[in-house]
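So the structure is just underneath, and the comments pick up after that.
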Amino acid sequence: MSDIFTLESRNPEQYRQETRKSNLIVMATFAILAMTLATLSVRIFGSPEGGNFIWNLAGVLSGVIATTLVFKGYYWQQPWMDSARYGWQLKRSLMSVTNILHAVKDGVERNDHTALKVMRFYHLGLEQMYRLENNESELRDLQTESQAHLDRLLALGIAPEQTSLDPAWIEQLKPPKRTKR
1 MSDIFTLESR
11 NPEQYRQETR
21 KSNLIVMATF
31 AILAMTLATL
41 SVRIFGSPEG
51 GNFIWNLAGV
61 LSGVIATTLV
71 FKGYYWQQPW
81 MDSARYGWQL
91 KRSLMSVTNI
101 LHAVKDGVER
111 NDHTALKVMR
121 FYHLGLEQMY
131 RLENNESELR
141 DLQTESQAHL
151 DRLLALGIAP
161 EQTSLDPAWI
171 EQLKPPKRTK
181 R
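All residue numbers for the sequence shown refer to full-length UniProt numbering, where the first residue is 1 and numbers rise by one.
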């Protein structure tokens with residue numbers, strides 16, 4: 001993660017509709033490319049007697065590669081991918097915190113301001129992700145912990161509007177790497 005990620009206000013219904021659309025486009029692209037390339041590989045390299053499994057498989061694998069290239073080279077920049085792109089960036093940011101969550105929790109216990117801000121971002125990010133994905137159960141489970149952390153921030157005079165995650169905070173909180181003996 002090299003850039004600061006900032007939470008954006010998103011309509012959950014619209015988000016789900018847009019991500020369904022982008023997923024369908026990518027899946028249709030894969031299906032068309034895989035079937036076409038599998039058919040072509042069997043026609044070009046296959047045997048009329050049958051036993052062309054390897055050529056079918058090669059076509060499907062080529063379809064995976066071609067779909068990936070189309071996705072990364074063209075689809076990713078398209079406006080209709082905006083919601084999917086945002087969701088991916090949100091989850092990536094949350095994962096960067098999850099990977100060091102034990103260090104963040106240790107910092108929170110020590111009232112480390114960076115850890116406290118990262119934990120607040122984490123709670124806000126999880127809440128948004130659960131709302132976008134219509135996961136009411138996880139959202140309810142998180143709210144007690146999130147409210148307790150919010151109360152702690154307010155008591156310490158730390159602004160609760162932690163809607164951005166600075167990658168430098170993650171680096172600062174990462175535990176030192178262990179050296180092999």
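Glycine included, each C-beta is placed from N, C-alpha and C at the ideal position.
All of these numbers come straight from a predicted model, not from anything done at the bench.
Check, Outcome
"Decide yes or no for the touch test of the stretch 61-78 against the stretch 97-117: beta carbon pairs closer than 8 Å, at least 3 of them.", "no"
"What residue does the alpha helix (DSSP H) around W169 start on, and which one ends it?", "P167 to L173"
"Quick one: what's got a C-beta closer than 6 Å to A84's C-beta in the same chain, skipping five residues either side?", "T19 and S22"
"Roughly how many whole angstroms lie between the Cα atoms of E127 and A159?", "18 Å"
"Where does L6 fall in DSSP's three states?", "In the sequence on display, residue 6 carries Thr and not Leu. In this structure, T6 counts as strand in the three-state DSSP scheme."
"Within its chain, find whatever has a CB closer than 8 Å to the CB of I4; leave out the 5 residues flanking it on each side and keep chain order.", "S164, L165, D166 and P167"
"Quick check: the Cα distance between L173 and A115, rounded to an integer number of angstroms?", "7 Å"
"Here's the rule: buried if 16 or more other CB atoms are within 10 angstroms of the residue's CB, otherwise exposed. What is G125?", "buried"
"What are the start and end residues of the alpha helix (DSSP H) that includes S47?", "From DSSP, S47 is part of no alpha helix (DSSP H); its letter is neither H nor E."
"Can you give me the C-alpha to C-alpha distance between E13 and M129, rounded to a whole angstrom?", "13 Å"
"DSSP beta-bridge partners for S164?", "T6"
"Suppose the cutoff is 6 Å on Cβ atoms and the five residues either side in sequence are ignored; what does the same chain contact list for F121 look like?", "Q162 and L165"
"What's the call for residue 249, buried or exposed, on a 16-neighbour Cβ count within 10 Å?", "The structure shown does not extend to residue 249, since the chain is modelled only from 1 to 181, so the question has no answer here."
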